[in-house]
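Report on the structure given below.
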Amino acid sequence: MIQRPKGTYDVYGEYGKKILYLQRLLENLMEAYNYEYFRTPIFEATELFHRGVGDTTDIVTKETYDFTDRGNRENTLRPEGTAGIVRSFIENKMYGNHSVPVKAWYFGPNFRYERPQSGRFREFYQFGVEVLGTQSPAADAEVISIPVNLYKILGLKGIKVNINSLGDTESRNKYREALKEYFKPHLDDLCEDCRARFEKNPLRILDCKVDNNKDYFKNAPKTIDCLNEESLKYFEDVKKYLAAMNIDYVVNPSVVRGLDYYSHTVFEVEASVEGFGAQNVLCGGGRYDKLVEMIDGPATPGVGFALGLERLLTALEYEKIELPINDTLDCYIAPMSDVNLTYSLTILNALRLSGFRADIDYNSRNLKSNFKQADRLNSLFVIIIGEDEEKTNVLTVKNNKTKEEYKVELNDLVFFLDENLNGGCDCDDDCHCHEHE
RNA sequence: GCGAGUAUGGUGAAGGGGUUAACACGGCGGAUUGUGGUUCCGUUAUGCUAGGGUUCGAAUCCCUAUACUCGCCCCA
Numbered sequence: 037m038i039q040r041p042k043g044t045y046d047v048y049g050e051y052g053k054k055i056l057y058l059q060r061l062l063e064n065l066m067e068a069y070n071y072e073y074f075r076t077p078i079f080e081a082t083e084l085f086h087r088g089v090g091d092t093t094d095i096v097t098k099e100t101y102d103f104t105d106r107g108n109r110e111n112t113l114r115p116e117g118t119a120g121i122v123r124s125f126i127e128n129k130m131y132g133n134h135s136v137p138v139k140a141w142y143f144g145p146n147f148r149y150e151r152p153q154s155g156r157f158r159e160f161y162q163f164g165v166e167v168l169g170t171q172s173p174a175a176d177a178e179v180i181s182i183p184v185n186l187y188k189i190l191g192l193k194g195i196k197v198n199i200n201s202l203g204d205t206e207s208r209n210k211y212r213e214a215l216k217e218y219f220k221p222h223l224d225d226l227c228e229d230c231r232a233r234f235e236k237n238p239l240r241i242l243d244c245k246v247d248n249n250k251d252y253f254k255n256a257p258k259t260i261d262c263l264n265e266e267s268l269k270y271f272e273d274v275k276k277y278l279a280a281m282n283i284d285y286v287v288n289p290s291v292v293r294g295l296d297y298y299s300h301t302v303f304e305v306e307a308s309v310e311g312f313g314a315q316n317v318l319c320g321g322g323r324y325d326k327l328v329e330m331i332d333g334p335a336t337p338g339v340g341f342a343l344g345l346e347r348l349l350t351a352l353e354y355e356k357i358e359l360p361i362n363d364t365l366d367c368y369i370a371p372m373s374d375v376n377l378t379y380s381l382t383i384l385n386a387l388r389l390s391g392f393r394a395d396i397d398y399n400s401r402n403l404k405s406n407f408k409q410a411d412r413l414n415s416l417f418v419i420i421i422g423e424d425e426e427k428t429n430v431l432t433v434k435n436n437k438t439k440e441e442y443k444v445e446l447n448d449l450v451f452f453l454d455e456n457l458n459g460g461c462d463c464d465d466d467c468h469c470h471e472h473e
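Residue 180 in the numbering used here sits at position 144 of the first sequence, with consecutive numbering throughout.
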């Protein structure tokens, strides 16, 4: 049997309904925020990610899906969303003719060749946002407010917003040195991974799961201690604006983010629910003032975030949040036999064109099974079509809730269902619908 | 890349060397030849991830492979 590729999943049934619901919710939310929908290619030139995400991160050094196309071009399935948006911003010269800042949102699949585990897939969907062309700390706060408001709308409770600041380049370098200085005497005591991180990415030592309960971790220098005056002021402003939007947060010095391009504000929202699994970061993001330059664009500050769809759905499941999904069918048609199918299809098609959710049995099942099926599909009405109905054009329509049965003229069917399902016509007096004739 | 666990119908699973692979759910049919979600009856895996080995005999023990799950690294 051919199986799906490792780390991927099929969407169908309930899960599909949930995803479609969330997608609509995101669309509406982004409309409220006045963000612009972006869709960039699912693959890009490999170099883009090396320049954008950074050569030192594992994401680019060993987790990308690379391929050479027939024209010998090196391409990579995108491992994250920001690089593509920034490339598009530069390539389409949005810094010039658009009203800056550009506020972009996107939703789509990303690919990383990793070992799958709970909350981690090789193909995973991210919703994200990028604001390009403003240095204002209010933009940082706005970006943070997006997932927070989304979770609020959905009713998620067990979430924790962690924020931190890496400061500008000067502050960040200063901190990096301070950290190395601090951990140097303890180098022999650190775990193997941390010793590797010491050279490669010392900031990550802080959230090491093996070592972080050691005494000397408590007094390790914090990013905030190394911020210069300007960076500190920036961070204070972000916090001020968050407070203005009633957003609860904690300043967590161990939030450093993995990608190279971050500066100033960084944040993560985690699901602080017992037993959620090791991958409990629901979303993360931050400011990246140097990224556009790194990809050969004009100096343009940016801030953004991305959230993992799969983890969001897991969180909803954990908190037992039911999404308001309309799971009903307006009408189920039960033809008594094959000979009634032709006639039934005509009716079915008319109902669908009138905007009803309607379905039919194709398998010539007996009446009993058809009622069972109608129940399974949560159908509000069942229409039985047999010889008599076909002959007289008077249909047997049963209300599945009240069990009341009606004889309805074929010509009145749409009106009848509309009356019973939508409470009738809500148009004005001039209209020519059945009710107003 | 490293480590641990698991693998039996459509689903949840029992069986830990002895021949009909339990039980439950679901599906289909019937009791009622045009009225359902209850009840009752019937039916639903010639087969236990794949390949090899041990044995008179393997779903059961051993080996290999594969897949899945969870964790590490890294990250959403």
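Glycine is no exception: its CB is placed at the ideal position from the N, C-alpha and C atoms.
Please read all numbers here as calculations on a predicted model, not as lab measurements.
- About 7 Å separates the beta carbons of phenylalanine 417 and leucine 453, which is inside the 8 Å limit, making them a contact pair.
- Taking a cut-off of 8 Å on C-beta distances, the segment 278-289 touches the segment 196-211, as three or more cross pairs fall below it.
- Nearest neighbour of tyrosine 187 by Cα position, chosen from Ala351, Lys245, Phe271 and Gln39, turns out to be Ala351.
- Each residue's CA atom was taken as its position, placing threonine 112 and aspartate 105 some 10 Å apart.
- Looking at Ile369, Ser400 and Asp397, the one whose alpha-carbon comes closest to that of leucine 387 is Ile369.
- DSSP links valine 274 through a beta bridge to no other residue.
- Closest in C-alpha terms to aspartate 395, from the list Leu365, Leu58, Asn456 and Ile195, comes Leu365.
- Glycine 311 and tyrosine 324 have their alpha carbons spaced roughly 33 Å apart.
- Between alanine 342 and glycine 117, the CB-CB gap stays under 7 Å.
- Between aspartate 273 and alanine 175, the alpha-carbon positions lie close to 11 Å from each other.
- In terms of Cα proximity to glutamate 63, the closest of Leu226, Leu263 and Phe143 is Phe143.
- By the neighbour-count criterion, in which a residue is buried when 16 or more other Cβ atoms sit within 10 angstroms of its Cβ, aspartate 424 is exposed.
- For serine 373, the number of other beta carbons within 10 angstroms of its own is below 16, and it is reported as exposed.
- The distance from the Cβ of valine 305 to that of isoleucine 195 is about 6 Å, consistent with a contact at the 8 Å cut-off.
- Your pair tryptophan 141 and valine 165 checks out as a contact, with CB atoms roughly 5 Å apart and the cut at 8 Å.
- DSSP assignment within the segment 342-382 yields the following whole beta strand (DSSP E) runs of 3 residues or more, N-terminal first: 365-371.
- Contact between alanine 119 and phenylalanine 85 holds, with the beta-carbon distance rounding to 6 Å and staying under 8 Å.
- Within its own chain, the residues whose Cβ lies closer than 8 Å to the Cβ of glycine 90, once the five positions on either side in sequence are excluded, are Val96, Leu295, Asp296 and Tyr297, listed in chain order.
- In this structure, the beta-carbon distance from isoleucine 361 to tyrosine 57 falls below 7 Å.
- Excluding sequence positions up to five before and after aspartate 243, its CB lies within less than 8 Å of the CB of Ser290, Val291 and Val292, all in the same chain and listed in chain order.
- In the DSSP annotation of this structure, phenylalanine 392 is not part of any beta strand (DSSP E), being labelled neither H nor E.
- Ala81 is the residue among Ser135, Leu223 and Ala81 whose C-alpha sits nearest the C-alpha of arginine 109.
- The shortest CA-to-CA distance from glutamine 162 to any of Asp332, Glu266, Pro145 and Glu426 is the one to Pro145.
- With contacts defined by Cβ atoms closer than 7 Å, alanine 314 and proline 257 do not form a contacting pair.
- Relative to the Cα of tyrosine 218, the nearest Cα in the group Ile182, Thr259, Cys367 and Ile189 belongs to Thr259.
- For leucine 168, the uninterrupted beta strand (DSSP E) run begins and ends at 159-168, by DSSP.
- Ranking Ser400, Asn429 and Phe392 by CA distance to the CA of serine 415 puts Phe392 first.
- Pairing tyrosine 71 with lysine 139 gives a Cβ-Cβ distance under 7 Å.
- Under the DSSP assignment, proline 145 falls in the beta strand (DSSP E) whose first and last residues are 138-147.
- In the DSSP assignment, glycine 322 falls within the unbroken beta strand (DSSP E) covering 317-323.
- The beta carbons of proline 238 and arginine 212 sit closer together than 7 Å.
- Taking the Cα positions, alanine 68 is about 18 Å away from leucine 168.
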